[in-house]
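Residue numbers (UniProt numbering), protein chains in the order written: chain W, 1 to 211; chain B, 1 to 211.
For every residue, glycine included, the Cβ atom is placed at its ideal position computed from N, Cα and C.
Protein chains: 2
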Amino acid sequence: MRVGELSKRSGVPVPTIKYYLREGLLPAGVLTSPNQAHYDDEHLRRLRLVRALVDVGGLSIAAVRDVLAAIDNRDESLHEKLGAVQEAISQPGSGELDPLAVEDVLAFVRRQGEEYCDVTESNVTHMLAMALSAARSVGHDHFHDLLDPYLEGLKIIAQADVEYVARRGSPDDVIEGMVVGTLIGDAVLKAVRRLAHTQASRKVIGDGSAD
Amino acid sequence: MRVGELSKRSGVPVPTIKYYLREGLLPAGVLTSPNQAHYDDEHLRRLRLVRALVDVGGLSIAAVRDVLAAIDNRDESLHEKLGAVQEAISQPGSGELDPLAVEDVLAFVRRQGEEYCDVTESNVTHMLAMALSAARSVGHDHFHDLLDPYLEGLKIIAQADVEYVARRGSPDDVIEGMVVGTLIGDAVLKAVRRLAHTQASRKVIGDGSAD
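(1) With a threshold of 9 Å between beta-carbons, can residue 229 (chain W) be considered close to chain B, or not?
(2) Where in the segment 141-183 of chain B do unbroken runs of the alpha helix (DSSP H), each at least 4 residues long, occur, reported from the N-terminal end onward?
(3) In whole angstroms, what separates the C-alpha of residue 212 (chain B) from that of residue 189 (chain W)?
(4) Which one or two residues does DSSP pair with residue 37 (chain W) in a beta bridge?
(5) Who are the neighbours of residue 52 (chain W) on chain B, taking C-beta pairs under 7 Å?
(6) Just to make sure I have the definition right: I need the residues of chain B whose C-beta is within less than 9 Å of the C-beta of residue 147 (chain W). Which are they?
(7) With 16 as the cutoff for other CB atoms within 10 Å, does residue 211 (chain W) come out buried or exposed?
(8) Any idea if residue 96 (chain B) is buried or exposed, counting beta-carbon neighbours within 10 angstroms, 16 or more meaning buried?
(9) Is the shortest distance between the beta-carbon of residue 36 (chain W) and the beta-carbons of chain B less than 9 Å?
(10) Just verifying my parser: in three-state terms, what is the DSSP assignment at residue 211 (chain W)?
(11) Considering only the beta carbon of each residue, do residue 183 (chain W) and residue 89 (chain W) sit closer than 9 Å?
(12) When you compare only the Cα positions, how much space is there between residue 17 (chain B) and residue 6 (chain B)?
(13) Residues of chain W with CB under 7 Å from residue 207 (chain B), in chain order?
(14) In terms of residues, what are the limits of the alpha helix (DSSP H) holding residue 103 (chain B)?
(15) Confirm, please, whether the CB-CB distance from residue 24 (chain W) to residue 65 (chain W) is below 9 Å.
(16) Could you tell me the boundaries of the alpha helix (DSSP H) in which residue 125 (chain W) lies?
(17) Using only CA atoms, which one of B:141, B:55 and B:33 lies nearest to residue 12 (chain B)?
(18) In its own chain, which residues sit with a C-beta less than 6 Å from the C-beta of residue 221 (chain B), not counting the 5 before and 5 after it?
(19) Buried or exposed: which applies to residue 8 (chain W), given that a residue is buried once 16 or more other Cβ atoms fall within 10 Å of its Cβ?
(20) What residue does the alpha helix (DSSP H) around residue 87 (chain B) start on, and which one ends it?
(21) My output table needs one value for residue 57 (chain W): the three-state DSSP class, helix, strand or coil.
(22) Go to residue 14 (chain B), then tell me how far its alpha helix (DSSP H) extends in each direction, as first and last residue.
(23) With DSSP run on the structure shown, which of helix, strand or coil describes residue 206 (chain B)?
(24) Please compile the residues from chain W whose C-beta is within a distance smaller than 7 Å of the C-beta of residue 153 (chain B).
(25) Can you check which of these residues, W:169, W:160, W:126 and W:52, is closest to residue 108 (chain W) by C-alpha distance?
(26) Using the three-state DSSP reduction, which class does residue 42 (chain W) fall into: helix, strand or coil?
(27) For residue 91 (chain W), return the contacting residues in chain B, with the cut-off set at a CB-CB distance below 8 Å.
(28) Output yes or no for whether 9 Å exceeds the beta carbon distance between residue 162 (chain B) and residue 140 (chain W).
(29) Assuming the contact rule is C-beta atoms closer than 8 Å, residue 194 (chain W) and residue 105 (chain B) should be a hit. Round their C-beta distance to whole Å, please.
(30) Contact criterion: CB-CB distance below 9 Å. Does residue 102 (chain W) meet it with respect to chain B?
(31) What's the C-alpha gap between residue 205 (chain B) and residue 79 (chain W)?
(32) Buried or exposed for residue 112 (chain B), please, with buried defined as at least 16 other CB atoms from any protein chain shown within 10 angstroms of its CB.
(33) Rounded to whole angstroms, what is the Cα-Cα separation between residue 200 (chain B) and residue 160 (chain W)?
Quick look at the structure:
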């Protein structure tokens with residue numbers, strides 16, 4: 001297909017596609033004449049992935065380049081690639097780490113059979129330590145008590161997430177699905193959690209309907 | 001205590017405290033002289049809550065004012081206050097709603113025994129419809145298949161959340177706990193979900209460790 005059709009099928013404007021080509025986020029098409037190139041389904045898949053990383057993930061062009069490098073690294077398994085992508089889309093944010101929150105995270109991951117010397121080794125454990133530090137900074141010193149029930153519920157959710165992406169065809173599609181599923185899934189979970197809160201509050205605290 | 005100590009104990013700079021006082025987010029202290037006011041533990045607690053809402057929740061000053069008004073409304077039951085507070089801390093964001101995503105949400109809440117004519121009636125259902133619209137806009141038309149397993153996992157999580165706050169002393173503390181627990185809990189869940197992804201990916205996709 002020509003660039004116009006690539007744009008139409010992906011929903012990405014032609015100037016944006018040209019920008020991605022210049023930045024090396026999309027491999028060049030096959031030249032069919034000095035000023036015309038041909039693109040295939042691989043380009044379409046890659047373009048959808050780049051769009052997911054930029055538009056859904058809010059990643060910088062440099063960060064997208066790192067993610068693509070991890071995906072294109074043939075020495076890594078799909079499981080490792082998913083891990084690398086997850087790191088790239090999990091920015092812990094800035095702020096101070098509370099040493100007690102760091103201890104809480106290390107104890108939690110040890111209970112899961114993992115070992116870290118430093119929570120900042122991984123963006124994911126860093127993100128968790130930041131959140132628990134924020135809880136401690138507002139006087140919630142026992143928020144870590146929630147980690148085990150959270151993980152229990154999230155095992156069901158993560159299983160559904162991984163099954164959702166694992167049935168997709170190519171590695172690019174699996175990874176695109178994981179990026180979209182992780183980031184848009186965060187927003188879906190936020191909303192569904194609030195619906196579940198209403199149900200749980202009615203059950204535990206009561207809405208007075210029994211009066 | 002004086003404003004300097006309030007600042008020290010809360011970690012909030014004096015000019016920020018004065019800004020919150022001017023905006024009505026913090027009740028005025030008791031004047032002990034024409035240019036000196038006295039603050040108590042209630043001020044400290046409210047200040048920590050405001051800071052959590054602004055810094056952790058990323059809420060606007062207007063949204064913080066709505067949350068505080070709901071907490072201070074004595075005519076509502078605790079369950080109703082929790083619902084009102086949850087609405088205030090759940091901003092759906094801006095963007096276009098996809099009519100098919102709206103249908104998905106209406107079908108989902110109907111399965112839960114709720115009835116809405118319009119998803120924008122509630123910020124929570126609006127937020128959910130926005131997230132599913134975002135998924136559809138990048139070609140993920142079957143994201144709603146995840147809603148049932150998400151709710152299954154989130155029932156466990158919401159039960160833990162409500163038990164966490166219900167054991168707190170005063171109604172004000174319950175609500176403060178729910179605000180902090182919901183907003184900081186969102187960040188904790190994001191991180192723990194990623195750890196659960198790693199475990200699920202190892203199980204479903206395999207990390208090659210069996211080779």
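In this structure, then:
(1) Any question about residue 229 (chain W) goes unanswered here, given that chain W covers just 1 to 211.
(2) 147-166
(3) With chain B represented from 1 up to 211, any question about residue 212 (chain B) goes unanswered, as that position is not in the structure.
(4) W:31
(5) 138
(6) By Cβ distance, chain B contributes 188 and 192.
(7) With a pLDDT of 43 at residue 211 (chain W), under the threshold of 50, the modelled position of this residue cannot be trusted; read the value that follows with caution. Under this definition residue 211 (chain W) is an exposed residue.
(8) Exposed, by the Cβ-count rule.
(9) no
(10) A caution first: residue 211 (chain W) carries a pLDDT of 43, below 50, which makes its placement in the model unreliable, though a value can still be read off. Residue 211 (chain W) falls in the coil class under three-state DSSP.
(11) Cβ distance < 9 Å, so residue 183 (chain W) and residue 89 (chain W) count as in contact.
(12) Each residue's Cα considered, the two are about 9 Å apart.
(13) Listed along chain W, the residues sitting closer than 7 Å to residue 207 (chain B) by beta-carbon distance are 77 and 79.
(14) That run of the alpha helix (DSSP H) goes 99-111.
(15) Taking 9 Å as the Cβ cut-off, residue 65 (chain W) and residue 24 (chain W) qualify as a contacting pair.
(16) 123-137
(17) B:55
(18) In this structure chain B extends from 1 to 211, so residue 221 (chain B) is not present and cannot be described.
(19) exposed
(20) 78-88
(21) Coil.
(22) 14-22
(23) Residue state, collapsed to three classes: coil.
(24) 153, 154, 156 and 157
(25) Distance from the Cα of residue 108 (chain W) is smallest, within the candidate group W:169, W:160, W:126 and W:52, for W:126.
(26) Reduced to three states, the DSSP call for residue 42 (chain W) is helix.
(27) In chain order: nothing, as chain B lies at least about 11 Å away.
(28) no
(29) With 8 Å as the limit, residue 194 (chain W) and residue 105 (chain B) do not qualify as a contact, their Cβ atoms being about 13 Å apart.
(30) no
(31) 6 Å
(32) exposed
(33) 9 Å
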